[in-house]
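Asks:
There are 2 protein chains.
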Amino acid sequence: MKSTKGKTNKEEISLDVLFELSEFFKFFSDTTRIRIIEILLHGEMSVNDIADKLKIGQSAVSHQLRLLRTSHLVRPRRDGRTVFYALDDEHIGLIFQTGLNHILHKKRALP
Amino acid sequence: MKSTKGKTNKEEISLDVLFELSEFFKFFSDTTRIRIIEILLHGEMSVNDIADKLKIGQSAVSHQLRLLRTSHLVRPRRDGRTVFYALDDEHIGLIFQTGLNHILHKKRALP
DNA sequence: TGAATATATGAACCATTGTTCATATATTGG
DNA sequence: CCAATATATGAACAATGGTTCATATATTCA
């Protein structure tokens, strides 16, 4: 058998892919980053505005944005001296929402 | 307005929930843990068998399992001296698969 | 009960990571 | 060009996290 695309299957998942997968989830596993992601789900925003909104340093935000940018989760758009960041990956919202649903369902004790 | 359950909405998400969400994604953000989770997606398995299969120490596996058990992601079942672990949360498969699909799509350059 | 086997746990250790501080780079308006 | 503003970046630091080692606990079988 070769490939049963989609759905849950019992095929072997390579170590490489599992590693990438854990690396991918890492982006969502930090409070600052997930707050940034949540903000960007509503639309693009400048670095300073993000920092102000989260009440954390500009540098911290910039460092995290670099991480996300390097991995193509966010995309910068320069307008004059301000840089606006937006989500660069359509799947991010889905991952975020899937996790969020889990948390909320658990909280409300809904199976 | 009170609550628009489900789907994507633009309601405020509390800091607490965002924190919990990042904590939840943390379980998937380590190679060892995600490999354990992947194994358990196929069904329950004993601690030693997991360690053997992953070729890592029994202690390391046990430590990670405790973490997952404490957070109710896995559930132990004792049979004699061996303890079998199984996934204890129906949403785990969904999260895993959602992330996996993202990785695979990205790899195959399918938008 | 005592040896053997399976799992759990605590402490120590090293690596990773997120923040801060200082500073560099970039852009605009005067 | 110069001052002001916005963002980026490197180094240092503290905290967190995952593994290992040694040992404890639990269970079965002879």
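Keeping their order, the protein sequence lines are chains A and B. Each residue of the first sequence is one higher than the last, beginning at 54 in our numbering. Each residue of the second sequence is one higher than the last, beginning at 54 in our numbering. Glycine included, C-beta positions come from ideal geometry on N, C-alpha and C.
Can you grab the Cα-Cα spacing for the pair M54/A / L147/A, in whole Å?
Replies: Its pLDDT being 38, under 50, M54/A is placed unreliably in this model, and the value from its coordinates should be taken loosely. Each residue's alpha carbon lies about 30 angstroms from the other.
Asks: What's the gap between the Cα of L153/B and the Cα of E97/B?
Replies: 21 angstroms
Asks: Taking D105/B as part of the alpha helix (DSSP H), name the residues at either end of that continuous run.
Replies: 100-107
Asks: I want to verify the contact list: residues of chain B whose CB lies under 7 angstroms from the CB of L71/A, in sequence order.
Replies: Close to L71/A, with beta-carbon spacing below 7 angstroms, are these residues of chain B in chain order: T84, I87, R88, E91.
Asks: Could you pull out every residue in the same chain whose Cβ sits closer than 7 angstroms to the Cβ of L93/B, ignoring the five residues on either side in sequence?
Replies: Within the same chain, L93/B has close Cβ partners V127, Y138, A139, L140.
Asks: Below 8 angstroms on the Cβ atoms is my guess for Q117/B versus I89/B; work out the distance and round it to an integer in Å.
Replies: That pair is a contact at about 6 angstroms.
Asks: Would you kindly report the start and end of the unbroken beta strand (DSSP E) that includes D69/A?
Replies: Counting along the chain, D69/A falls outside any beta strand (DSSP E), though it belongs to the alpha helix (DSSP H) covering 68-79.
Asks: Give a yes or no on whether the minimum CB-CB distance between S75/B and chain A is below 8 angstroms.
Replies: Chain A contact via Cβ: present.
Asks: Taking the straight line between their C-alpha atoms, what separation do you get for D105/A and D102/B?
Replies: 50 angstroms
Asks: Helix or strand or just coil, what does DSSP make of R161/A?
Replies: coil
Asks: Could you give the first and the last residue of the continuous alpha helix (DSSP H) run that contains R88/B?
Replies: 84-94
Asks: Name, please, each residue of chain A whose Cβ falls closer than 8 angstroms to the Cβ of G152/B.
Replies: Correct list: L74, F77, F78, I148.
Asks: Measure from the C-beta of I103/B to each C-beta in chain A and report whether the shortest distance is under 8 angstroms.
Replies: By this cut-off, I103/B is not an interface position.
Asks: Alpha carbon to alpha carbon, how far is D132/B from S99/B?
Replies: Roughly 10 angstroms between the two C-alpha positions.
Asks: At a Cβ threshold of 8 angstroms, is I109/B touching chain A?
Replies: no
Asks: Hey, is H116/A's beta-carbon within less than 8 angstroms of any beta-carbon in chain B?
Replies: no
Asks: Report buried or exposed for H155/A, applying the criterion of at least 16 other Cβ atoms within 10 angstroms of its Cβ.
Replies: buried
Asks: Tell me whether S112/A sits in a helix, a strand or coil according to DSSP, three-state version.
Replies: helix
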